[in-house]
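Single-structure report; data block below.
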Amino acid sequence: MADLFGFDEALERFDPVLGIEIHVELNTKTKMFCSCANNFGAPPNSQVCPVCLGLPGAMPAVNHKAVESAIRLGLALNCEVAEHCTFARKNYFYPDVSKDYQISQYDDPIDFDGYLDVELEDGAVFRIGIERAHMEEDAAKNTHVGGATGRIQGADYTLVDYNRGGTPLVEIVTRPIEGAGARTPELARAYVAAVRELVIALGISDARMDQGSIRADVNLSLRPRASDPSKQAQVPFGKRSETKNVNSLRAIDKAVRHEVRRQAALLASGGAVVQETRHWHEDTESTSPGRSKEQAEDYRYFPEPDLLPIEPSRAWVEELRLTLPEPPAERRKRLQGAWGFTDFEMRDAVNAGALDLIAATVEAGASPAGARKWWMGELARAANERGTDLAGLPATPADIAGLESLIAAGRINDKLARQVLEGVLAGEGTPEEVLTARGLEVVSDDAALLEAIDAALAAQPDIAEKIRGGKVQAAGAIVGAVMKATRGQADAGRVRELIIEKLGS
Ligand code: ZN
Ligand code: MN
């Protein structure tokens, strides 16, 4: 294996050109061409039928909702929507494609010629050209058993789960992305994040990278730096590698960085980049060769004879355009302005997947700062402990708004609020219910407080003497004792007032 170049050194000599393909699994109720349920996690091979298994005589029929989602995604990517497009058979053998072909689109994709503006952390905006977004069906899922890596190499046997076979996909293909230089890894990551955010806003996919409902393939090539930078675009592209199924945002950045360094070392030592697919290895943060990359003609694409062309009427397309959500970047700016968050706070919330939760909590009546405090603090900790994301916690935005209003009404303090939240997370009910059931309400009844104060003063007569002598700050020890005796449920401010009244200082 060739050595790696330093990243900066690689960029001094070479100009990276990036291309990204993203497969988005649509969250339709049923599969692309049959009425089998489309959901993740069912027992293996329980959601299959003759159509998605490719048994003789089975006839596919197009999922209308999937076409609708593909059009909405295309519009959100500023694409043209085809007036006429067809499906094609992409022929190849693999155990995860039991028909021996995948139904896809070839030379007339439903969406084409679009772009997406992607903002980097420092606010720089890159426009990514979208060549096409086409509809296709997903393959089944192979599980390679035995062997250390979970890959086919070294495995003892392979299990195939056909539930995933036939899931509706949209594959989004960028144009070559040039000119990002040292920011290429960051841009790759930001682009995938932006597409993910977009499909979430559209509501067309679960968008779980960890479950494979969004999968990115990263193409990268290097070309020599032109001595005159203004002539860089005229230097022909180098041979590219395609790193498959990079399944986290962090890994996208790392995989691009790795390929820049690997290819630079190869080219600088007089070697050549092989056009091939590569696998990303999370453990070693490196790629290894997969299969040598086929050309499109190797798949013997031909028109799918069992499906009619799709001809979305212009009226329908315009109707769907009206259903597009506010673009995520604009929405973020609007919310940040309304909430008064700093750039850092906003980025933090976005990265934690808390934006929608905070928005819903504010909508339910909480202050933006209060909503942020809970979701980014106590709840982030709880999610981390449980190994889930924030949205997977049993606490809802309404719960958090409820908690905030109990604090605002003085019925609980911050410390009690934490205990209430603990109850909510344990499934004991709404904050109000937990408060009642656990008896956590702040004690502001003076008689009860005075009783506790008397006990505390009697236990620490020297401190009582100091307070009488005018050392008001000594009251802190008594307040502490009262808080302890009431299990934190006393109103600390009121306790202090009562002590001072009582001792006349
Ligand atoms: Zn089926
Ligand atoms: Mn594909």
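Everything in the sequence shown is counted per our numbering, starting at 7 for the first residue and increasing by one.
Where a beta carbon is used, it is the ideal one built from N, C-alpha and C, also for glycine.
None of these values were measured; they are calculated from a predicted model.
Taking the alpha helix (DSSP H) that residue i belongs to, which residues open and close that run?
i	result
I77	70-82
L441	437-444
A423	420-431
S411	403-414
V323	320-327
M489	481-491
E471	467-474
A388	384-392
K96	Premise fails: K96 lies in the beta strand (DSSP E), 94-97, not in any alpha helix (DSSP H).
R500	498-509
P333	Run containing P333: none; DSSP gives neither H nor E here.
V57	56-59
Let me know the secondary structure DSSP gives residue i once reduced to three states.
i	result
R170	coil
T367	helix
S211	coil
D123	strand
D223	strand
D259	helix
L204	helix
K339	helix
R19	helix
N357	helix
L193	helix
I109	strand
G25	strand
A43	strand
C91	strand
F13	helix
D395	coil
G494	coil
R417	coil
F350	helix
V546	Outside the shown range of the chain, which is 7 to 511, sits residue 546, and nothing can be said about it.
L32	coil
D451	coil
D102	coil
D362	helix
I459	helix
D117	strand
R378	helix
W345	helix
Is it the case that the CB of residue i approaches a heavy atom of the ligand MN more closely than 7 Å?
i	result
E127	no
Check whether the Cβ of residue i lies closer than 8 Å to any Cβ atom in chain D.
i	result
A464	Of the protein chains in the structure, only one exists, and it is not chain D.
Which residue comes first and which comes last in the beta strand (DSSP E) that contains residue i?
i	result
N148	147-151
M141	131-143
Would you say the beta carbon of residue i comes nearer than 7 Å to a heavy atom of the ligand ADP?
i	result
E282	Because the ligand ADP does not appear in the structure shown, any question about it cannot be addressed here, the ligands present being the ligand ZN and the ligand MN.
Residues whose Cβ lies closer than 6 Å to any heavy atom of the ligand ZN, in chain order = Spelled out in chain order, the answer is K37, C40, C42, V54, C55, V57, C58, G172.
ask   = Taking any heavy atom of the ligand MN as the mark, which residues have a C-beta closer than 6 Å to it, listed down the chain?
value = Answer in sequence order: H29, E142, E177.
inquiry  = To test your reading of the DSSP string, which unbroken beta strand (DSSP E) runs of 3 or more residues are found completely within the segment 231-314?
reply    = The DSSP assignment places complete beta strand (DSSP E) segments of no fewer than 3 residues inside the segment 231-314 at 247-252, 282-287, 292-298, in order along the chain.
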